[in-house]
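Residue numbers (our numbering), protein chains in the order written: chain B, 1 to 105; chain V, 106 to 210.
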DNA sequence: GTATCGTACAACCAAATGGTTGTAGATCTG
DNA sequence: CAGATCTACAACCATTTGGTTGTACGATAC
């Protein structure tokens, strides 16, 4: 994953409204206006949040009639989790080294 | 974890320089100026990045003589991973529901 | 004691972010 | 067809972000 991909992913997660959208569209389908009705902000603002999530592969949009259906996209979440798993692995290596030092001493 | 905590965490991860700092200080100790020497930006800029990471509990600072030693802090990483695990759980529930529907049909 | 080093912090700047309103194009409904 | 609905997008605004330089101050070295 490129730096730019990771930037987009974590940036997308760094907003409570967007995290809420991700949760909702994972369990059910929503049109953009359906989502907009849930939040105390304009339709355009929600539209922008959805666009941020789409660019981060956390959500997909599909046209259905005049509506745009938003659904969760597992791809982005998987990428984010794999990246954090790499950091976790670095921690485990470090713990391993410390254990080795203690074993030697 | 509060929304503000999550915001700070993911915001902190949403920058390649900061992610690199986290990796480095997890495997070894660095002073702030030691870190600053690694990047093509000013000392003050790196100092700000470290401050962002510290607020997000991804790093700790400890004064040693005139230096400030930066170390990785597992707490922030754990919080981030747990939060992503919650999203993963929502996905698994969804997959379960779909399987149920298929089993019924 | 006097440089020098490492840090903190303020002030500033350009660009990005998160919000707004307004306009316009598609699609459905009556 | 006319009107309502859903979406897209531009323009604008305030705040935050990521960077800079400059100043000040405690700790170290000579």
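Where is the CB? At the ideal position from N, CA and C, for every residue including glycine.
How about residue 174 of chain V: is its C-beta nearer than 7 Å to some C-beta of chain B?
-> no
Pick out whichever of V:155, V:123, V:111, V:120 has its Cα sitting closest to the Cα of residue 13 of chain B.
-> V:111
What residues of chain V sit near residue 13 of chain B, judged by a beta carbon separation below 7 Å?
-> What residue 13 of chain B touches in chain V: 115.
Alpha helix (DSSP H) runs contained entirely in the segment 12-39 of chain B, provided each spans 4 or more residues | Counting only runs of 4 or more, we get 16-27, 32-36.
Residues that residue 79 of chain B bridges to, as DSSP identifies them = Looking at the DSSP assignment, residue 79 of chain B forms no beta bridge with any residue, so it has no partner.
Is the Cβ-Cβ distance between residue 137 of chain V and residue 152 of chain V less than 7 Å?
-> A contact, by the Cβ cut-off of 7 Å.
Would you say residue 167 of chain V and residue 174 of chain V are within 7 Å of each other, going by their C-beta atoms?
-> yes
Run the CB neighbour count on residue 42 of chain B, radius 10 Å, all protein chains shown included, and call it buried at 16 or more, exposed below.
-> Counting the other CB atoms within 10 Å of its CB gives residue 42 of chain B a total below 16, which places it among the exposed residues.
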